[in-house]
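Numbering (my numbering), first residue to last: 380 to 819.
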């Protein structure tokens, strides 16, 4: 009987080793690389884990070799030794004597399989998922020694696996870097779990948009820009400043196509406080021009380099199309902010009670696609950047109020025009499907 208990102890020990291998595998597979990198400077285990993760073929082959050897040893002990001893114990029992060998083998196989699955696979992997980085760091160094010891065997298995994959037309891919979509998904999950505020997720999402949006999408269009004109009386220019919430203005000298500088309200105020007459020309700063195709993210660095807070956006012909400021970039990230006069801009999107949306014509294309839950819009190759551009592209002309069209089950209706500019568009989504009906 003592030999039986010894053999059972050996099998249990093999199950424990199998569990350690399964735990190491799951910990290394599920550990967050960024968390390991954060601890790599001060922890040798983290560095070892990163080395293993960099070559997954080596450690996966080593684990498979170990698990296979353990399975063979456990099978040998359970089939050839433990089952035989259990059969000897069952044979004196008259009711089962005739089936002693079969019952012994079946019972031992079922028992060891159950213990192996629970204690050797499921429980270790659940623990590894719950404490991936901690276990990866703890197990990485001893596991590296095992990888070195079984290196030749693991390499042969790795090469064989690669050869078979190539025959199947499957190529090994390098690790894919984290994408914006994955980061947004992690933030979404974190917000749902309470680790992040939903507003924090929106801010991060909007920061990513800076790299995708062009200056032409965030600028104030030329038709809405307030210009100061040196050819006009000072009182006229001062009234324009007083009637506007802006703190910086582009300045022309009679010719609207020739901006000669930028003036800040504080410079004019400084002249007034000093008792000097207002002189716009003396307060001028050189104008700063950027292509309208410049990304909003690049514009931030250009503002820093040129020590400016206002840029004039020009098209490929050098014609001014609008003005972009640091405030426009801020609004791209945080949304509409109150102007200096305390008035807030109207929101780009207004949800109505019937489920439709009243949308500003200047809504950027990326936000429009997000609203419609589509990946692309027809005619994007034409280069439109806003909802107004999309509407004009679909209609093929400058629309009038009440013009409408349908696309992808959405109805678009021009509600308001500001001259030739589309001011507001009503977007009516498709009606929800009724319960019990199916779409053809």
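Cβ coordinates follow ideal geometry from the N, Cα and C atoms, glycine included.
Span of the beta strand (DSSP E) around residue i
i           : result
residue 691 : 689-693
residue 628 : 627-631
residue 638 : 638-643
residue 728 : 728-730
Pairwise C-alpha distance: residue j and residue i
i           : j           : result
residue 808 : residue 766 : 15 Å
residue 661 : residue 630 : 12 Å
residue 738 : residue 597 : 16 Å
residue 590 : residue 761 : 20 Å
residue 734 : residue 520 : 58 Å
residue 511 : residue 429 : 13 Å
residue 351 : residue 494 : Missing from the structure shown is residue 351; the chain here goes from 380 to 819 and no further.
residue 688 : residue 405 : 51 Å
residue 526 : residue 563 : 36 Å
residue 799 : residue 683 : 36 Å
residue 677 : residue 745 : 18 Å
residue 416 : residue 787 : 46 Å
residue 638 : residue 572 : 52 Å
residue 387 : residue 566 : 48 Å
residue 384 : residue 487 : 13 Å
residue 600 : residue 581 : 26 Å
residue 772 : residue 588 : 24 Å
residue 516 : residue 503 : 16 Å
residue 584 : residue 748 : 15 Å
residue 818 : residue 752 : Any answer about residue 818 is weak, because its pLDDT of 44 lies below 50 and its placement is not dependable; what the coordinates show is given next. Distance between the alpha carbons of residue 818 and residue 752: 19 Å.
residue 804 : residue 624 : 26 Å
residue 544 : residue 505 : 30 Å
residue 650 : residue 561 : 53 Å
residue 547 : residue 750 : 42 Å
residue 423 : residue 528 : 20 Å
residue 816 : residue 789 : Caution is warranted here: a pLDDT of 49 is assigned to residue 816, below 50, making its placement in the model unreliable, and no coordinate value can be reported.
residue 569 : residue 435 : 28 Å
Minimum Cβ-Cβ distance from residue i to chain B less than 7 Å
i           : result
residue 573 : The chain labelled as chain B is not found in the depicted structure, where only one protein chain is given.
Beta-carbon proximity check, residue i vs residue j, cutoff 7 Å
i           : j           : result
residue 699 : residue 675 : no
residue 402 : residue 507 : yes
residue 692 : residue 710 : no
residue 659 : residue 705 : no
residue 440 : residue 537 : yes
residue 394 : residue 499 : yes
residue 446 : residue 514 : no
residue 796 : residue 780 : yes
residue 778 : residue 793 : yes
residue 740 : residue 802 : yes
residue 770 : residue 669 : no
Endpoints, the alpha helix (DSSP H) within which residue i is located
i           : result
residue 707 : 705-713
residue 424 : 423-433
residue 564 : 559-572
residue 513 : 511-528
residue 770 : 766-774
residue 613 : 613-622
residue 420 : No alpha helix (DSSP H) contains residue 420, which DSSP labels as neither H nor E.
residue 497 : Taken as a continuous stretch (DSSP letters only), residue 497 belongs to no alpha helix (DSSP H), as it is neither H nor E.
residue 744 : 744-751
CA nearest to the CA of residue i, picked from the options
i           : options               : result
residue 673 : 727, 728 and 764      : 764
residue 665 : 386, 642, 648 and 671 : 642
residue 667 : 647, 648, 659 and 640 : 640
residue 620 : 606, 633 and 611      : 606
residue 604 : 421, 793, 622 and 769 : 622
residue 410 : 397, 427 and 395      : 427
residue 592 : 703, 441, 446 and 758 : 703
residue 452 : 413, 481, 419 and 397 : 397
residue 449 : 491, 509 and 624      : 491
residue 484 : 472, 496 and 454      : 454
residue 633 : 775, 577, 616 and 532 : 616
residue 618 : 769, 647 and 602      : 647
residue 626 : 569, 442 and 645      : 645
residue 715 : 695, 497 and 742      : 742
residue 425 : 775, 539, 518 and 806 : 518
Beta bridge counterpart(s) of residue i as assigned by DSSP
i           : result
residue 786 : 789
residue 674 : 593
residue 546 : Answer by DSSP bridge pairing: none, since residue 546 is not bridged.
residue 803 : 739 and 795
residue 600 : 701
residue 669 : 692
residue 608 : 631
residue 664 : 641
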